[in-house]
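Numbering (my numbering), first residue to last: 7 to 570.
This is the structure in structure tokens:
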């Protein structure tokens, strides 16, 4: 018979054991979270090594200027581009208050670090179930950083400045990780959030997730009635979230005639973004590297034993590659149905493969190098892992050395990638003068190669080659402004660096047509004028001229095509 003392003692032992187990579980969870945070921090640093260029980076002048203007429409209120239709409303809504309350450079750096952080979280989630070892994941992170920069075909990038697609790509990576786990509903939901940030990056992933999930359900003969309420909620939620990005993007073309849409698509695909959209314009070396990466993925997959999770992920990579193949096939029909082809190619058919092929490559390469089936003993496995760590560190250190040449904290000699077509120091100087000495409403004619005038001078400009709008009507107006301001013969192929090169008469007509108050021109274009007019400001490389110019004072004999 059990005594009360025995029961009491037993009770305390059980409770004590449970307490100890609970405490151990809490410590383990805390330790796991700490290691996860450190791992994400390392991934963030790896991405920062590659993306830490001086501001503004390539597209930051586009996105952050738009974000500030969306929050404060009075800022550069009469700028043509800033007042055009918006297709990335969620990004502008979230970043607008920051961009309007601090300098654009500060907003860029805050946005960059947040972008690199969420990209790191998305990448870790993508590879976690395929690469259970931390060291393996860190090696994969280094490979991914390199592959994402050197295996793309259509110029897509994930690691760089602050813009909408960085956040969309982070969610796409996370969605890929959910698909690998077989959680298609959550993958669909995350793709919907990605679509809210960027309709094309997230939208293509959403389509592939949906088609792949449907094919799997059909193969398994899954009935709709067997779906759990959570699955249906994720499906509906994904559609609702995606509509945040898709609805504004669709509205910018509503009510526009088919002729205008076709003309705008031709301008967008052929004249402005052929390096991203038109297969015949892709650089051969980029296509070759991309194809080699795809072939390497195939060889590595064939060399590894079958694994369900790996296969799920590679199916999505293959689907993205097939999407690119469809884009290439469409490009072959350009001579026969150009309007149809341009209308389709404007949807970036090659973008998803540019991002998912590096992801698949880093996972397969890491698994191949560490595959237990390839090892004969524990000692060889340890040696292989040691070599892997050394190789990862070597890659990272070498890449860090190469990339350090553009780190702003280490050098001031490197110009921002957004200013690569101008003399950066003189450009910043003249823009500072403009910001101090001119009215906020003064509109400027700027050099064709300039892309950061809004960023640095904070004044409206007539047109910028970099800042192409999204809506069809504005795209056609953008082209007309480019021709009026820079074209010698009415085409987009034969263009001057500055409107000054087209003569005083042409300069005045353009200024009158677009209500421009000043022209900012390169010194070479200014000095090439038959009778250079009086300047308001000049430095080593640039001049500022008040418009209109009194023609009787210069007797200019230059000629140009009249504007409409």
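Virtual Cβ for every residue (Gly too), placed ideally from N, Cα, C.
Closest by C-alpha distance to residue i, when choosing among the options
i           : options            : result
residue 198 : 215, 494, 153, 183 : 215
residue 295 : 238, 263, 364      : 364
residue 350 : 366, 367, 332      : 332
residue 206 : 484, 94, 514, 551  : 94
residue 550 : 524, 535, 530      : 524
residue 152 : 78, 55, 324        : 55
residue 65  : 285, 171, 33, 410  : 171
residue 366 : 335, 284, 306, 102 : 306
residue 455 : 420, 98, 492       : 492
residue 158 : 291, 175, 200      : 291
residue 261 : 473, 478, 348, 408 : 478
residue 330 : 499, 175, 528, 284 : 284
residue 326 : 268, 182, 383, 399 : 182
residue 87  : 392, 502, 474      : 474
residue 188 : 226, 372, 208      : 226
residue 161 : 376, 280, 149, 101 : 280
residue 328 : 213, 528, 100      : 213
residue 150 : 512, 415, 289, 402 : 402
residue 371 : 485, 59, 530, 398  : 398
residue 53  : 427, 33, 146       : 146
residue 409 : 60, 466, 235, 36   : 60
residue 51  : 80, 69, 148, 67    : 148
residue 140 : 115, 38, 79, 63    : 38
Assigned exposure category for residue i - 16 Cβ within 10 Å defines buried
i           : result
residue 142 : buried
residue 253 : exposed
residue 487 : buried
residue 537 : exposed
residue 43  : exposed
residue 481 : buried
residue 72  : buried
residue 298 : exposed
residue 168 : buried
residue 264 : exposed
residue 211 : buried
residue 224 : exposed
residue 472 : buried
residue 404 : exposed
residue 196 : buried
residue 203 : buried
residue 238 : exposed
residue 393 : exposed
residue 192 : buried
residue 373 : buried
residue 98  : buried
residue 300 : buried
residue 242 : exposed
Per-residue DSSP class, three states only, for residue i
i           : result
residue 507 : helix
residue 527 : strand
residue 564 : Residue confidence for residue 564 is low, a pLDDT of 42 falling below 50, so the modelled location carries little weight; the figure read from the coordinates is stated next. If DSSP states are grouped into helix, strand and coil, residue 564 belongs with coil.
residue 90  : coil
residue 135 : coil
residue 493 : strand
residue 535 : coil
residue 403 : helix
residue 501 : strand
residue 143 : helix
residue 427 : coil
residue 37  : helix
residue 461 : helix
residue 13  : Note that residue 13 has pLDDT 45, beneath the 50 cutoff, so the model's placement of it is unreliable and the number below is only indicative. Residue state, collapsed to three classes: helix.
residue 514 : helix
residue 160 : coil
residue 355 : coil
residue 364 : helix
residue 183 : helix
residue 260 : coil
residue 112 : helix
Residues bridged to residue i (per DSSP)
i           : result
residue 467 : 450
residue 212 : The partner list for residue 212 (beta bridge, DSSP) is empty, contrary to what the question assumes.
residue 544 : 549
residue 301 : Residue 301 pairs with nothing; no bridge assigned.
Item to complete: Could you tell me whether the segment 454–468 touches the segment 419–439, where touching means 3 or more Cβ pairs closer than 8 Å?
Response: The segment 454–468 and the segment 419–439 touch, with no fewer than 3 CB-CB distances between them shorter than 8 Å.
Worksheet item: Should the segment 218–226 be called in touch with the segment 355–362, which here means at least 3 C-beta pairs below 8 Å?
Response: For the pair of segments examined, the segment 218–226 was found not to touch the segment 355–362: the number of CB pairs separated by less than 8 Å stays below three.
Item to complete: Report yes or no: do the segment 121–130 and the segment 92–109 share at least 3 C-beta pairs separated by less than 8 Å?
Response: In the pairwise beta carbon analysis, the segment 121–130 is classified as not touching the segment 92–109: fewer than three pairs are separated by under 8 Å.
Worksheet item: Using 8 Å as the threshold, is the segment 439–448 in touch with the segment 541–555, meaning 3 or more CB pairs across them?
Response: Touching, yes, given that three or more Cβ pairs across the two stretches are closer than 8 Å.
Worksheet entry | Segment contact, 8 Å Cβ cut-off, at least three pairs: the segment 312–324 with the segment 130–141 | Three or more beta-carbon pairs drawn from the segment 312–324 and the segment 130–141 are found closer than 8 Å, and the two stretches are therefore classed as touching.
Item to complete: Check whether the segment 508–523 touches the segment 444–454, taking contact to mean three or more Cβ pairs, one atom from each stretch, closer than 8 Å.
Response: Enough Cβ pairs lie closer than 8 Å, so yes.
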